[in-house]
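**Q** Residue numbers (this note's numbering): 1 to 384. Let me give you the structure first, and then I'll get to my questions.
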Ligand SMILES: *Cc1c(COP(=O)(O)O)cnc(C)c1O
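Below, the structure written as structure tokens:
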């Protein structure tokens, strides 16, 4: 289906980028498994690693429509998308400014690979715009941000970042995984390149590894030229499964976002929790920026257990909510940053970053909030 005027989000999720089954008139997209296509009499030389098989090409239209961009590409993981997108615009001697708090895999990619390519990088001291401006040099090519960020749900002002970047002719990139296209469309605030781990909300059922990039035709063309050299294409079955998942993206994320607000307010009102980090709370230090740039406040939040309640025992007592490394599925999950993502830091380094032992990151699912609250209350009972 071709969009003539802007369709509703659910309609876009369901219909844009369908592969039409012309022959049998099936209701859903067939899968084209071919790795070999005729070269004669066709305009497009199709090949899986060229990211242009029928299923890949059509799914990219759905993702571009959801992100309001001209074009998109899909990859075998979020990191395949992030690494291809960054390296497409960087060469020896270039400089990148990266937000201090970013996904651990991205941090690792930068610090362990960039030196080999002779690419310079600086991490900001915070997510404040001045900290980016301060680091800009003659050779700065990319400003890289992530908002909301992990695990304390910090908010970066996208329009302000885009403005300083444009003043200096610098490209902007955002990891939009936590918000998903349902809650935030960075292109509308002037950000150039939008990155997703589709393993998270886009997949949504904790059974797909995938990544996506959305941007202008011109930027996608440049990323494509690098991406085909790295070869991080997604298998056709997974492309198809991701298309299936995206049909319910808006329904899932809307419900998860609604639940997250209720859960955040529950944590604030209960005496068993200290700090609660959620951009939808008026007490969040960047609430105003979040309200300006987000369509919904997202379904990720973090909370601190009251001093003396053991974070591991609490999570082990949960019956519905699963302690889990990943996030954004329809099922609610928790993770203790001290035990996982930040385990390699000393306690002092963790505290510098605002990460206490009792901090728990909560990925809110689609379950009824009464059931989630009851599960939390029963888990606390023996620990108080
Ligand atoms: C998971 C994640 C990634 C990496 O995605 P993979 O699909 O695991 O490669 C990048 N950014 C954020 C914010 C993530 O949560």
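We put the CB at the ideal spot given by N, CA and C, even for glycine. For clarity, every value in this text was computed on a predicted model and none was experimentally measured.
So, with DSSP's three-state summary, where would you put residue 361?
**A** One-based indexing of the chain shown puts residue 361 at position 361. It is a strand residue.
**Q** Using the C-alpha atoms, what's the distance from residue 38 back to residue 339?
**A** Start at 1 with the first residue of the chain shown, and residue 339 comes out as number 339. Start at 1 with the first residue of the chain shown, and residue 38 comes out as number 38. Their backbone Cα atoms lie some 52 Å apart in a straight line.
**Q** If we require 4 or more residues per run, which alpha helix (DSSP H) segments fall completely within the segment 36 to 119?
**A** Restricting attention to alpha helix (DSSP H) runs no shorter than 4 residues, the segment 36 to 119 encloses them at 54 to 67, 78 to 88, 104 to 117, ordered along the chain.
**Q** What did DSSP end up calling residue 1 once you bin it into helix, strand or coil?
**A** The residue labelled residue 1 in the question sits at position 1 within the chain shown. A caution first: residue 1 carries a pLDDT of 49, below 50, which makes its placement in the model unreliable, though a value can still be read off. Looking at residue 1 - three-state DSSP - the assignment turns out to be coil, as it is neither helix nor strand.
**Q** Determine contact between the segment 150 to 159 and the segment 273 to 288, defined as no fewer than three beta-carbon pairs at a distance below 8 Å.
**A** yes
**Q** Return yes when at least one heavy atom of ligand 1 lies under 6 Å from the C-beta of residue 147, else no.
**A** The sequence position of residue 147 within the chain shown is 147, counting from 1. Not so, every heavy atom of ligand 1 lies at least 6 Å from the Cβ.
**Q** Where residue 386 and residue 103 are concerned, what is the direct C-alpha to C-alpha distance, given to the nearest angstrom?
**A** No statement about residue 386 is possible, as the shown extent of the chain runs from 1 to 384 and does not include it.
**Q** For residue 65, which residues in the same chain have their Cβ closer than 6 Å to its Cβ, ignoring the five residues on either side in sequence?
**A** By 1-based counting over the chain shown, the position of residue 65 is 65. If we look at residue 65 and ignore the five residues flanking it on each side, its Cβ neighbours are 12, 16.
**Q** Please classify residue 168: is it buried, with 16 or more other beta-carbons within 10 angstroms of its beta-carbon, or exposed?
**A** Taking the first residue of the chain shown as position 1, residue 168 is located at position 168. With fewer than 16 other Cβ atoms within 10 Å, it is exposed.
**Q** For residue 14, which residues does DSSP report across the bridge?
**A** Residue 14 sits at position 14 when you count from the first residue of the chain shown. Residue pairing for residue 14: DSSP places it in no beta bridge.
**Q** For residue 184, which residues from the same chain have a beta carbon less than 7 Å from its beta carbon, with the 5 sequence-adjacent residues on both sides left out?
**A** If you number the chain shown from 1, residue 184 lands on position 184. 176, 293, 294, 295.
**Q** Would residue 314 and residue 379 qualify as a contact pair, given that the criterion is a beta-carbon distance under 7 Å?
**A** The residue given as residue 314 occupies position 314 in the chain shown. The residue given as residue 379 occupies position 379 in the chain shown. Against a cut-off of 7 Å, the Cβ pair of residue 379 and residue 314 comes out as a contact.
**Q** Measuring only from the beta carbon, is residue 105 closer than 6 Å to any heavy atom that is part of ligand 1?
**A** Numbered from its first residue, the chain shown carries residue 105 at position 105. Yes, Cβ of residue 105 sits closer than 6 Å to a heavy atom of ligand 1.
**Q** For residue 307, name the three-state secondary structure that DSSP assigns.
**A** The residue labelled residue 307 in the question sits at position 307 within the chain shown. The answer is coil: DSSP assigns residue 307 none of H, G, I, E or B.
**Q** Does the beta-carbon distance from residue 133 to residue 164 come in below 7 Å?
**A** Working through the chain shown from its first residue, we reach residue 133 at position 133. Working through the chain shown from its first residue, we reach residue 164 at position 164. Going by C-beta atoms, residue 133 is nearer than 7 Å to residue 164.
**Q** With three or more beta-carbon pairs closer than 8 Å as the criterion, would you say the segment 78 to 94 touches the segment 104 to 116?
**A** At 8 Å Cβ cutoff, the stretches touch.
**Q** Does the contact criterion of 3 or more C-beta pairs under 8 Å hold for the segment 53 to 60 versus the segment 17 to 24?
**A** Between the segment 53 to 60 and the segment 17 to 24 there are three or more C-beta pairs closer than 8 Å, enough to call the two in contact.
**Q** Can you round the beta-carbon distance between residue 304 and residue 254 to whole angstroms, since I take them to be within the 8 Å contact cut?
**A** To locate residue 304, count along the chain shown from 1; it is residue 304. To locate residue 254, count along the chain shown from 1; it is residue 254. With a contact defined as Cβ atoms closer than 8 Å, residue 304 and residue 254 miss out at about 27 Å.
**Q** Taking the alpha-carbon of residue 353 as reference, which of 153, 240, 78, 115 has the nearest alpha-carbon?
**A** Along the chain shown, one-based indexing puts residue 353 at 353. For residue 353, the closest alpha carbon among the candidates 153, 240, 78, 115 is that of 153.
**Q** Using the beta-carbon count (16 or more within 10 Å), is residue 200 buried or exposed?
**A** On the chain shown, residue 200 is found 200 positions in, with the first residue counted as 1. Buried is the call here.
**Q** Residue 63 and residue 162: beta carbons closer than 7 Å?
**A** Position 63 of the chain shown holds residue 63. Position 162 of the chain shown holds residue 162. Cβ distance not < 7 Å, so residue 63 and residue 162 don't count as in contact.
**Q** Just curious, the beta strand (DSSP E) that residue 195 is in, first and last residue?
**A** Along the chain shown, read from residue 1 onward, the residue named residue 195 stands at position 195. From DSSP, the beta strand (DSSP E) with residue 195 extends over 193 to 197.
**Q** If we ignore side chains and look at the alpha-carbon of each, how far apart do residue 117 and residue 215 end up?
**A** Here residue 117 refers to the residue found at position 117 when the chain shown is read from its first residue. Here residue 215 refers to the residue found at position 215 when the chain shown is read from its first residue. The straight-line gap from Cα to Cα measures roughly 25 Å.
**Q** Give the DSSP-derived three-state secondary structure of residue 278 in the structure shown.
**A** Numbered from 1 along the chain shown, position 278 holds the residue referred to as residue 278. Correct three-state label for residue 278: coil.
**Q** With distances taken from CA atoms, which of 238, 332, 347 is nearest residue 29?
**A** Taking the first residue of the chain shown as position 1, residue 29 is located at position 29. Taking only the C-alpha atoms, the option nearest residue 29 is 238.
**Q** Considering only C-alpha positions, which residue in the set 383, 136, 371 is nearest to residue 319?
**A** Within the chain shown, the letter at position 319 stands for residue 319. Nearest C-alpha to residue 319: 371.
**Q** Any chance the CB of residue 127 is under 6 Å from a heavy atom of ligand 1?
**A** Here residue 127 refers to the residue found at position 127 when the chain shown is read from its first residue. No.
**Q** Work out the CA separation of residue 233 and residue 391 for me, nearest whole Å.
**A** Outside the displayed span of the chain (1 to 384) sits residue 391, for which this structure offers no information.
**Q** When the distance is taken between beta carbons, is residue 264 closer than 7 Å to residue 281?
**A** Here residue 281 is taken as the residue at index 281 of the chain shown, counted from 1. Here residue 264 is taken as the residue at index 264 of the chain shown, counted from 1. In this structure, residue 264 lies closer than 7 Å to residue 281 by Cβ.
**Q** I believe residue 279 touches residue 186 by the beta-carbon criterion, under 8 Å. Please report the beta-carbon distance rounded to the nearest angstrom.
**A** Taking the first residue of the chain shown as 1, we reach residue 279 at position 279. Taking the first residue of the chain shown as 1, we reach residue 186 at position 186. About 15 Å separates the two Cβ atoms, so there is no contact after all.
**Q** On a CA-only basis, which of 34, 40, 67 is nearest residue 51? Give me that one, please.
**A** For this step, residue 51 is matched to residue 51 along the chain shown. That would be 34, whose Cα lies nearest to the Cα of residue 51.
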